[in-house]
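Student:
Residue numbers (the UniProt record's numbering): 1 to 193.
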């Protein structure tokens, strides 16, 4: 399935990278908007939509997710992101700063919840936000992550327990080399912030 116009411009460069082109063409995944990259009048998501949306930081972010499998609250089992990063995120030379890796893990673990919520809103015609916050995020750094370049982020729901969402994310390259693993607990708030 071809990407919607909102992500089409970001896909062009990715299609020149063989591993990314192969994944982008996988018919088990569909494109989705990356809502946290869209500036909002309220200032919500400004960190990803504005601060980290430059040629030297996160140049582009293309989201895909698996096809919905059932009519449960979370029918989408996996989301992934093709993240094109510049040279302005270094800790050591040509190596992504560990704090930036943690920020990406926070975004990736939330991504699977966002695509599921967007899917449910699309089905119902509603516009109900999913009000969640990160309760904890544990990041295991496996190898230094080289930058600039395109990295693959993956995101899955491990378990749902009432208002608690246990999530897992990875940052890896096109050969399956995992650079970092994130495990998070998100809590659904009782009321909107």
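Don't be surprised by glycine CBs; every beta carbon is placed ideally from N, CA and C. This one's a predicted model, so the numbers in the text were calculated from it and none came from an experiment.
1) Any idea if residue 60 is buried or exposed, counting beta-carbon neighbours within 10 angstroms, 16 or more meaning buried?
2) Quick one: residues in its chain with C-beta nearer than 8 angstroms to the C-beta of residue 191, no 5 flanking neighbours on either side, listed in chain order?
3) For the beta strand (DSSP E) containing residue 161, name the first residue and the last one.
4) Going straight from the alpha carbon of residue 159 to that of residue 62, what length do you get?
5) Ordered along the chain, which non-local residues of its own chain (more than five positions away) have a Cβ less than 7 angstroms from that of residue 8?
6) Report yes if the C-beta distance between residue 95 and residue 148 is below 8 angstroms; otherwise report no.
7) State the DSSP-derived secondary structure class of residue 8, mapped to helix, strand or coil.
8) Beta-carbon separation of residue 112 and residue 81 under 8 angstroms?
9) Kindly indicate which three-state DSSP category residue 37 falls into: helix, strand or coil?
10) Residue 68 to residue 57, Cα distance in whole Å?
11) Classify residue 105: buried if its beta carbon has 16 or more other beta carbons within 10 angstroms, exposed otherwise.
12) Got a sec, what are the start and stop residues for the alpha helix (DSSP H) residue 25 sits in?
13) Buried or exposed: which applies to residue 123, given that a residue is buried once 16 or more other Cβ atoms fall within 10 Å of its Cβ?
14) Identify the continuous beta strand (DSSP E) that holds residue 185 and give its terminal residues.
15) Skipping 5 residues on each side, what residues in its chain have a beta carbon closer than 6 angstroms to that of residue 52?
Tutor: With the structure as the only source:
1) So residue 60 counts as buried.
2) Spatial neighbours of residue 191 in its own chain (CB-CB distance under 8 angstroms, excluding positions within 5 residues in sequence) are listed in chain order as 131.
3) DSSP places residue 161 inside the beta strand (DSSP E), whose first and last residues are 149 to 161.
4) 25 angstroms
5) For residue 8, the predicted structure reports a pLDDT of 49, less than 50, and the residue's modelled location is therefore unreliable. The matter cannot be settled from this model.
6) no
7) Because the pLDDT at residue 8 is just 49, under 50, the model does not fix this residue reliably, and the point stays unresolved.
8) no
9) helix
10) Cα to Cα, residue 68 sits roughly 32 angstroms from residue 57.
11) buried
12) Neither: residue 25 is in no alpha helix (DSSP H) and is coded neither H nor E.
13) The residue in question, residue 123, is exposed, as its Cβ has fewer than 16 Cβ neighbours within 10 Å.
14) 178 to 188
15) Taken in chain order, the residues that qualify are 58.
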